[in-house]
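Here is the structure we will look at, set down as structure tokens.
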Amino acid sequence: MDSLLQDFLEETAENLNSLDNDLVLLEKDPQNKNVLSRIFRAVHTIKGSSGFLNLGRLEELTHHTEHILGLFRNGERAVTPDYITLILESLDRVRHITKELETSGAEPDGNDSALINRMARIINSGDIERLTGSQENTITNENNIPVTPSENAPSAKTIRIAVDTLEKLMTITGELVLTRNRLLQAGKHQEAQTGNTALLQHLNQLVFELQENILSTRMQPLGTIWDTFPRMVRDLGIALGKTVNLEIKGQDTELDRQILELIKAPMTHMIRNCIDHGIEKPAERIKVCKKETGLIRLNARHESGHVIITVEDDGKGLCPVEIKKTALALGLVPEKTMAKMSPEDIFEFIFMPGFSTSPETTAISGRGVGMDIVRKNIEDLGGTIAVNAVTGKNTCFTIKIPVTLSIISALVVGSSGHHFAIPQNAVAEILMLSDDKTGDQYINIVNGAAILHLRGQLIPVIDLWAFLHADTKRQNYKNKLIIVVNLENRLFGIAVDTVTDTEEIVIKPLAPVLKDIKAFWGCSVLGDGRLALIIDPSFIARHVHPLDHDTIKQKTGTSREEKREGDKSYLLFEAGKGAPKALDLSSVIRLKALKSSDIEWPDNNMAFQENGNIIPLILYDDCPLPTEGTKKLVIITEHKNHYKGLLIDRIIDIHTVHNLTIQTGGHAVINGKATDIINPSCLMEDNP
Amino acid sequence: MNTRPSLKIIPDEQQDFLIFTIGKDHFAVPPLIVRDVLNNPSPVPVPLAPDTVTGLISLRGEIATAITLPGHTGVPEQKKSMGVILEHNSSFYCLMVHTVIDIAPLSSAQESGLPRTLSPELHNITAGLTEYQGKTVILIDTDRLFGDIYLRMQKKDTILKDA
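Keeping their order, the protein sequence lines are chains Y and G.
Here the first sequence is numbered in numbering that gives the first Met the number 0, starting from 0 and rising by one per residue.
Here the second sequence is numbered in numbering that gives the first Met the number 0, starting from 0 and rising by one per residue.
Take a look at the structure:
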């Protein structure tokens with residue numbers, strides 16, 4: 000049966016039962032306005048819903064009943080037992096019809112005209128006929144109505160439970176899970192002696208099932224929040240002069256009630272964005288050979304403990320050029336960095352606070368307040384959001400959120416003797432680093448920031464304990480395990496001392512006085528009874544990832560002030576005899592110390608290997624070759640995707656100069672000294 | 000879980016109090032908000048928390064936040080300690096003390112009678128003074144005690160807090 004109809008039947012059954020009681024109350028106390036308005040509301044609800052569901056008989060019956068009640072309310076008629084009888088009779092008919100509805104799914108054939116006529120008559124005349132026994136019989140026979148109300152109530156397949164009761168059940172189940180965890184831990188040690196393994200296993204299984212079922216009581220389909228969207232899309236479309244269709248799939252996908260409430264606002268915001276920014280006006284759409292009517296697709300599905308929601312529109316997509324322009328204007332990143340960014344990275348800018356490419360602000364959106372909040376809301380739930388777009392074709396947002404917030408699977412780690420839990424779904428891999436830097440995995444500390452080199456990737460790493468104490472001096476990466484966390488392609492490492500186990504843990508909120516500490520989701524009691532704070536990975540991501548909201552703004556804010564137009568930074572170094580040399584910093588990729596054994600001679604040209612690439616080396620004529628067993632610094636430079644290594648003796652400094660005048664022969668005065676300015680493009684030729 | 004209001008101290012009226020010591024000083028709280036007393040609790044520290052929060056304690060599945068009186072943050076370092084479990088706004092707190100002495104009726108002096116020599120930190124959270132078996136006892140206003148922790152949290156360096 001249609002779920003709407005099912006809901007209506009249950010609601011009506013409840014209303015009818017309370018109506019019976021209230022009418023009796025009203026009969027005893029005709030002046031009681033509260034009861035009267037309660038009755039009025041209940042009848043009105045039934046009338047409204049039946050009208051909505053196109054149930055004509057019910058609507059007509061309740062319409063007349065409501066009319067009589069209206070007369071009471073206005074004081075035009077006094078409440079008498081005769082009226083009450085008539086109303087009850089009408090409600091019995093309603094009850095009978097709903098009973099039929101439940102079994103057949105449709106209103107039964109039949110005629111209520113006699114009853115309705117009597118109601119209409121008293122409404123018009125002000126007289127109420129004496130109801131005789133015979134009349135009652137004729138009415139009863141009209142449709143063969145069985146009259147005992149209790150038998151007629153639709154049998155409930157669902158019952159309503161107070162949310163509080165469910166929450167309490169959830170808490171108790173949480174406790175049970177904890178107790179089971181502790182038992183399992185204890186069992187591990189005693190297995191051999193007690194022989195209770197089978198019982199423990201059984202308990203484990205039962206608790207698991209109980210937990211699943213209790214969790215499912217909190218689940219509600221996404222449809223409960225999506226139901227309002229078609230109307231919103233229509234209204235907004237009309238307001239903006241656009242025609243938009245909304246296609247919804249997967250509205251049956253279930254989510255924890257709590258999460259459902261929290262994603263409603265961000266989702267509403269995204270759909271508004273789709274209509275306002277995404278979908279073009281019909282005329283524009285026709286110009287680019289698209290259907291006049293725009294399309295927004297909402298899709299949801301389950302995927303390994305997560306719900307994936309996509310919001311897609313077939314509008315104009317995102318324009319990387321415009322985003323770049325705006326990002327540069329806002330000074331979010333230097334132009335140089337921007338040039339190297341992939342389209343995906345560029346799209347990330349739309350999640351920055353205050354970012355909007357829209358030239359005008361409309362009533363609906365365009366102020367640039369929004370996607371940053373959307374991302375924050377979703378990350379607060381332990382979810383992620385990513386965007387993909389094809390310019391001129393579509394924009395697609397993908398949201399990934401956990402199904403529930405109450406119990407999560409977590410990796411239990413130790414740092415400085417304390418336990419912490421890291422949500423399992425964020426963990427990409429766990430590394431154990433060897434002390435020497437021979438492998439392709441090692442950590443370098445650059446100006447207090449640790450960088451993990453992992454298979455050619457550079458990943459920021461924090462030492463958990465030092466990070467939580469905001470003390471970079473304490474960081475130590477010797478003999479540590481590195482948990483590599485992947486939050487929607489933002490990678491970072493967390494260095495810890497030990498990794499204990501993965502456990503299903505119950506999240507307990509921190510006390511109100513501590514809720515400002517955003518680094519933790521809460522805490523949990525572990526299997527062995529110890530406490531562990533649950534790390535919020537998105538909090539760390541916000542602090543370490545170079546492409547993120549708050550930090551980058553502050554950083555670029557200051558550096559922008561210092562940097563003027565025409566400023567250029569040079570890397571000053573010594574190589575061989577003669578004047579110090581300078582290389583435009585933008586052409587420098589990185590520095591590396593080369594062992595003499597690293598230098599190879601393919602085709603009699605000097606070169607070394609890095610990440611499987613062969614990089615040719617350049618040596619100044621008067622600069623000595625590294626002797627056996629020593630190291631030499633090499634500057635790795637890039638020009639138009641060609642790489643070369645420049646062997647040097649010593650780095651002097653990095654110097655920023657304003658409007659440097661380079662004299663003929665490629666010399667300039669930097670830092671009061673005549674310096675050779677090296678042209679990066681010349682380096683790429685065979686002889687420098 | 001029902002929240003029970005913490006009792007305001009009514010002057011010139013005898014009322015029961017839970018009396019405990021921290022160092023040489025005697026303190027008292029109204030016993031109505033006391034839920035339990037623990038021996039040698041060992042709180043798990045919470046990084047980034049204000050200094051009067053010494054950590055978290057597991058209390059039969061509930062989590063209690065362990066706190067010290069301001070100016071007495073050294074308490075957990077003492078070998079022997081006790082925890083007085085207080086309930087405040089449906090949350091549990093564990094006040095770290097040295098020894099719980101007694102539950103006894105005390106009559107309290109008014110707040111206005113507080114000597115100015117009391118350290119400002121303690122002055123903030125004191126409801127009044129009284130005496131118990133010849134010792135001066137400081138009556139703690141628990142509402143203000145929790146308010147004080149909250150203020151400390153607000154004042155704390157915001158580096159690691161989100162905007």
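Even glycine gets a Cβ: it sits at the ideal position worked out from N, Cα and C.
The model shown is predicted, which means the values in this text are computed figures rather than measured ones.
Ranked by Cα distance from Y/L430, the options Y/Y476, Y/A448, Y/G391, Y/I444 are led by Y/Y476.
In terms of beta-carbon proximity, G/T53 stays away from the interface with chain Y, with every pair separated by 7 Å or more.
Between the segment 492-512 of chain Y and the segment 404-424 of chain Y, the count of C-beta pairs closer than 8 Å reaches three or more; the two stretches touch. For Y/D535, the nearest beta carbon of chain G is not closer than 7 Å to its own beta carbon. Non-local C-beta neighbours of Y/S17 in its own chain, meaning closer than 8 Å and more than five positions away in sequence, comprise R37, A41, ordered along the chain. Straight-line spacing of the CA atoms in Y/K167 and Y/I534 works out to 25 Å.
Contact note: G/A48 reaches chain Y through L513, I516, using a C-beta cutoff of 7 Å and chain order.
Apart from sequence neighbours up to five positions away, the residues of its chain that approach Y/L221 with a beta-carbon distance below 8 Å are G249, Q250, D251, T252, E253, L254, L259, A299, V306, I308, ordered along the chain.
Closest by C-alpha distance to Y/T11, out of Y/V34, Y/M269, Y/M218, Y/L54, is Y/L54. Nearest Cα to Y/L22 within the set Y/T178, Y/I67, Y/R56: Y/I67. Boundaries of the beta strand (DSSP E) harbouring G/E130: 125-131, taken from the DSSP string. Approximately 6 Å separates the beta-carbon atoms of Y/L297 and Y/V310; this is inside 8 Å, confirming the contact. Restricted to the segment 231-280 of chain Y, the beta strand (DSSP E) segments that are unbroken, complete and at least 3 residues in length are 243-248, 253-255, listed in chain order. Interface residue (Cβ-Cβ distance to chain G less than 7 Å): Y/K479 is not classified as such. For Y/K248, no CB of chain G lies under 7 Å from its own CB, so it is not counted at the interface with that chain. Y/C681 is classed as exposed because its beta carbon has fewer than 16 other beta carbons within 10 Å across all chains shown.
Check the Cα spacing between Y/D91 and each of Y/I444, Y/N123, Y/T102, Y/R56: the tightest is with Y/R56. Where G/Q153 is concerned, the enclosing alpha helix (DSSP H) starts and stops at 141-154. Y/M605 is not bridged by DSSP to any residue.
In summary, Y/E75 is exposed, with fewer than 16 beta-carbon neighbours lying within 10 Å of its beta-carbon over all protein chains present. Listed along chain G, no residue sits closer than 8 Å to Y/K591 by beta-carbon distance, the nearest being about 33 Å off. Looking only at Y/A449, Y/N443, Y/G369, the smallest Cα-Cα distance to Y/T471 is reached by Y/A449. Less than 7 Å separates the beta-carbon of Y/L616 from that of Y/L646. Taking every protein chain shown into account, the CB of Y/D28 has fewer than 16 other CB atoms within 10 angstroms, so this residue is exposed. A Cβ-Cβ contact shorter than 7 Å links Y/A420 with Y/V411.
Of all C-beta pairs linking the segment 581-601 of chain Y to the segment 670-679 of chain Y, three or more are shorter than 8 Å, placing the two stretches in contact. Look at Y/F228 here: in three-state DSSP terms it is helix. Under the 8 Å Cβ criterion, the segment 371-391 of chain Y does not count as touching the segment 219-235 of chain Y, having fewer than three qualifying pairs. The beta carbon of Y/V524 sits closer than 7 Å to some beta carbon of chain G.
Rounded to the nearest angstrom, the gap between the Cα atoms of Y/P107 and Y/N73 is 34 Å. Closest in C-alpha terms to Y/K631, from the list Y/Q662, Y/H657, Y/I598, comes Y/I598.
Rounded to the nearest whole angstrom, the CA to CA distance from Y/T336 to Y/I322 is 14 Å. Residue pairing by DSSP places Y/I482 opposite Y/I429, Y/I493 in a beta bridge. Taking 7 Å as the CB threshold, G/M152 lines the interface with chain Y. Judged by their CB atoms, Y/I613 and Y/Y642 are not nearer to each other than the 7 Å cut-off.
The Cβ of Y/H468 sits closer than 7 Å to at least one Cβ of chain G.
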